[in-house]
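Going line by line, the protein sequences match chains A and B. If you count the first sequence from 1, position 128 lands on 127 in numbering that gives the first Met the number 0, and the numbers rise without skipping. If you count the second sequence from 1, position 321 lands on 320 in numbering that gives the first Met the number 0, and the numbers rise without skipping.
2 protein chains.
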Amino acid sequence: MTTGSPRRVAVIGAGAVGCYYGARLAQAGHDVHFLMRGDYAAVRERGLEVRSKDGDFHLHRPSVHRTAEEIAATGPVDWVVCALKATAVLEARALIAPCVGERTRILLLMNGLGLEDTFAGWFGAERIFGGLAFTCINRLRPGVVHHIDYGAVTLAHFLDAPETLEDARSLWDGAAVTVQTAPSLLAARWNKLLWNIPFNGLAVTAGGITTDRIMSNPDLRAAAEATMREVIAAANADLEAHGASTRLDAGEAIPAMLRATEAMAAYRPSTMIDFVEGRPLEVGAIFGEPLRRAEALGVDVPYLTLFTVLMRALDPARASAG
Amino acid sequence: MTTGSPRRVAVIGAGAVGCYYGARLAQAGHDVHFLMRGDYAAVRERGLEVRSKDGDFHLHRPSVHRTAEEIAATGPVDWVVCALKATAVLEARALIAPCVGERTRILLLMNGLGLEDTFAGWFGAERIFGGLAFTCINRLRPGVVHHIDYGAVTLAHFLDAPETLEDARSLWDGAAVTVQTAPSLLAARWNKLLWNIPFNGLAVTAGGITTDRIMSNPDLRAAAEATMREVIAAANADLEAHGASTRLDAGEAIPAMLRATEAMAAYRPSTMIDFVEGRPLEVGAIFGEPLRRAEALGVDVPYLTLFTVLMRALDPARASAG
Chain A
0 MTTGSPRRVA VIGAGAVGCY YGARLAQAGH DVHFLMRGDY AAVRERGLEV
50 RSKDGDFHLH RPSVHRTAEE IAATGPVDWV VCALKATAVL EARALIAPCV
100 GERTRILLLM NGLGLEDTFA GWFGAERIFG GLAFTCINRL RPGVVHHIDY
150 GAVTLAHFLD APETLEDARS LWDGAAVTVQ TAPSLLAARW NKLLWNIPFN
200 GLAVTAGGIT TDRIMSNPDL RAAAEATMRE VIAAANADLE AHGASTRLDA
250 GEAIPAMLRA TEAMAAYRPS TMIDFVEGRP LEVGAIFGEP LRRAEALGVD
300 VPYLTLFTVL MRALDPARAS AG
Chain B
0 MTTGSPRRVA VIGAGAVGCY YGARLAQAGH DVHFLMRGDY AAVRERGLEV
50 RSKDGDFHLH RPSVHRTAEE IAATGPVDWV VCALKATAVL EARALIAPCV
100 GERTRILLLM NGLGLEDTFA GWFGAERIFG GLAFTCINRL RPGVVHHIDY
150 GAVTLAHFLD APETLEDARS LWDGAAVTVQ TAPSLLAARW NKLLWNIPFN
200 GLAVTAGGIT TDRIMSNPDL RAAAEATMRE VIAAANADLE AHGASTRLDA
250 GEAIPAMLRA TEAMAAYRPS TMIDFVEGRP LEVGAIFGEP LRRAEALGVD
300 VPYLTLFTVL MRALDPARAS AG
């Protein structure tokens, strides 16, 4: 099923997203190595099972490792796919560094704004790519992920270099993943936040509810729309401040997001799952950094402000810290 | 301890607020009759106990009744003190009507906007008074209330008639309650909402937290202030629309509310208690009606909007209704 040459891939952060996309790359014939901690034993024993709306599959003997050094010892890594939670970004450097050789590229399959800047500072800007997965994937139990809906990945290069981007795109040749490239990483990130901010925000602050309950309640849906308008205003101010030529178009992007969300099953956004399971919330990358930029640019974002404040207050990581 | 003539008072709605103020009126020598449902047996047996920062006291044999008809059968009622939850307003008419004779006046010790209009429609405008209790009172268990802090009541007449108001004030002569009168009921109601909207809103949506946690967190405190600015804008537009001459002054009212809240103990606002105990929330009177008026008047109130939407979504009454 491989098209082009197989690459050696290290998946760092093997939650639902890392497992799913890593499994898709393995299915396409790449030599994929998963760094696993909690789920290591289960996956060693029973493999990696993907239940997908596009057909189930099972990797019976995936390459799993307990440390990045162990992955590096198997040979040079072409691609690091980093799918850590944004809350774990401080650990990312040490987890990734052993796999980064001269020609290694790094794809961030993570949520939030500004993460690529941090990675570029650590490993150099040229090798950094952002991957934006518009998908509904939940982890059912160790070694079993459920691909519920969607699944497309948008790829962008940190320096917005088109020729380099083609290289990232070709990694997915032959993989059962719809891939598109975006000319502006910043615009792509904001476009993802256009969904994440209202739907993660409402799903958590309205008590841990699924997307269908937001969409079927006119009040909550209107609040999602009002939040989206703020995100677009902040996005366009930020894009302008960064000298980007791209802008988000409210008249196009908002109805498209609403339609896509309406077509979803009763989905539990990742932050909502973290919330109900008492895990740290990705507040900084999804809410805090967008809010910081909006405020610095003088954009009025009351919904984003209140969501950020409430998410911080509701974040189990903060609550346990006092 | 009575000053002036004792009145016959019916307290309808004997939660924390009804029990506390009813007990204060009884302590002052009035003939107070409590309508009780769930707590009837406990209060019949053990009386009504008030633990107060101003000194504890105990009504050993308060007059408690299971129906309003029973109260009416004891003789004509001078004052109905209605301390029902705003969520029970639809029951109020039937609960109060038996006690309302020709000269009966009705004092609403309730939260929220627009309730007096409803009562005026039912029983006539002249007899309707609003009472705004700025106080921290919690019910500890059947028959035992805890008066934690503050306690002053502001009285206003539905038609803003000063001479009638004096009559309401005199009811409290000799009672250990600080009473003041307000020339405008509408302004007084909005001034109360200036506290209730931000602090009930944040205490619930931030996960069920006490006021001290709001005040000690700069983000939450700033959100409270931003919400207050919206409430003042809505209040002043509403006062203008009603032809009232009073206005709320942001520069005076907001710092005063913040100081008062800072000086409070770790208080659990009533809506927060309802929330954590799974009871219906007073969303309509505290959030819905103020929002409706702000929207009708074209006042931009994003914080109030988002609080209203979230409170509705979090309201156990709605959740259980589907």
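Ideal Cβ positions, reconstructed from N, Cα and C, are used throughout, including at glycine. Since the structure is predicted, the reported quantities are computational estimates derived from the model, not experimental observations.
Chain B contacts made by the stretch 197-226 of chain A, where a contact means CB separation under 9 Å: Leu201, Thr204, Ala205, Gly206, Ile208, Arg212, Ile213, Asn216, Asp218, Leu219, Ala221, Ala222, Ala225, Thr226
Among Arg311(A), Gly130(A), Asp299(A), Val176(A), the one whose alpha carbon lies nearest that of Asn235(A): Asp299(A)
Start-to-end residues for the alpha helix (DSSP H) that takes in Trp121(A): 114-122
Residues near Ala221(A) in its chain [Cβ-Cβ closer than 6 Å; skip 5 each side]: none
Inter-residue Cα distance where the pair is Val63(B) and His57(B): 14 Å
Own chain residues within Cβ distance below 8 Å of Ile277(B), not counting five before or after: For clarity, residue 277(B) is Gly in the given sequence; the question names Ile instead. Once the five neighbours on either side are set aside, the close Cβ partners of Gly277(B) are Pro315.
For Leu185(B) and Phe274(A), the rounded distance between their alpha carbons: 40 Å
For Phe133(B), three-class secondary structure by DSSP: strand
Selected residue, minimal CA-CA separation from Met109(B), among Thr66(B), Gly14(B), His32(B): Gly14(B)
Enclosing beta strand (DSSP E) for Ala96(A) [first to last residue]: Run containing Ala96(A): none; DSSP gives neither H nor E here.
Distance between Leu89(A) and Ala244(A) (C-alpha atoms, nearest Å): A small correction: the amino acid at residue 244(A) is Ser; Ala does not occupy that position in the sequence shown. Each residue's Cα considered, the two are about 32 Å apart.
Span of the alpha helix (DSSP H), counted from its first residue to its last, around Glu48(A): No alpha helix (DSSP H) holds Glu48(A); the beta strand (DSSP E) holding it covers 47-51.
Coil, strand or helix - Gly37(A) by DSSP: coil
Option nearest Asp324(B) by Cα separation, candidates Val152(B), Glu115(B), Arg140(B), Thr86(B): Absent from the structure is residue 324(B), since the part of chain B shown begins at 0 and ends at 321.
Ala119(A) to Arg92(A) span [Cα, whole Å]: 11 Å
N- and C-terminal bounds of the beta strand (DSSP E) containing Asp148(B): 143-156
Val203(A) versus Met310(A) - alpha carbon distance: 8 Å
Coil, strand or helix - Ala316(B) by DSSP: helix
Leu94(B) and Leu192(B) closer than 8 Å at C-beta: no
Minimum Cβ-Cβ distance from Tyr19(B) to chain A less than 8 Å: no
Per-residue contacts from Ala312(B) into chain A (C-beta, under 9 Å): Leu201, Thr204, Ala205, Gly206, Ile208, Arg212, Ile213, Asn216, Asp218, Leu219
Span of the alpha helix (DSSP H) around Arg60(A): Where Arg60(A) is concerned, there is no enclosing alpha helix (DSSP H), given that its DSSP letter is neither H nor E.
Euclidean distance between Cα positions of Arg228(A) and Arg23(B): 52 Å
Close-in-space but distant-in-sequence residues of the same chain around Val282(A) (CB under 6 Å, 5 per side omitted): Met310, Arg311, Asp314
Buried or exposed by the 16-neighbour rule on C-beta atoms within 10 Å, applied to Arg139(A): The displayed chain sequence assigns Leu, not Arg, to residue 139(A). Exposed: under 16 other Cβ atoms inside 10 Å.
Chain-ordered chain A contacts of Val308(B) [CB-CB under 9 Å]: Leu201, Ala205, Asn216, Asp218, Leu219, Ala221, Ala222
Trp194(A) and Met263(A) closer than 8 Å at C-beta: Going by C-beta atoms, Trp194(A) is not nearer than 8 Å to Met263(A).
Cβ neighbours of Phe122(A) in the same chain (closer than 7 Å, five flanking residues each side left out): Val99, Ile105
Chain A within 8 Å of Tyr266(B), Cβ atoms only: no
Distance, Ile196(A) Cα to Ile285(A) Cα: 6 Å
Where Arg7(B) sits in the DSSP three-state scheme: strand
Test item: CB-CB of Val178(B) and Arg168(B) under 8 Å: yes
Entirely enclosed alpha helix (DSSP H) segments - the stretch 158-226 of chain A, minimum 4 residues: 161-169, 184-204, 210-214
Backbone CA spacing between Ile127(A) and Ala252(B) [nearest angstrom]: 52 Å
Minimum C-alpha distance to Asp53(A) - residue among Gly207(A), Ala175(A), Gly142(A), Leu154(A): Ala175(A)
Spatial neighbours of Leu280(B) in its chain, beta-carbon cut-off 8 Å, leaving aside the 5 residues before and after: Counting only Cβ-Cβ distances below 8 Å, and skipping sequence neighbours, we find Thr86, Val203, Thr270, Asp273, Phe274, Met310, Leu313, Asp314, Pro315, Ala316.
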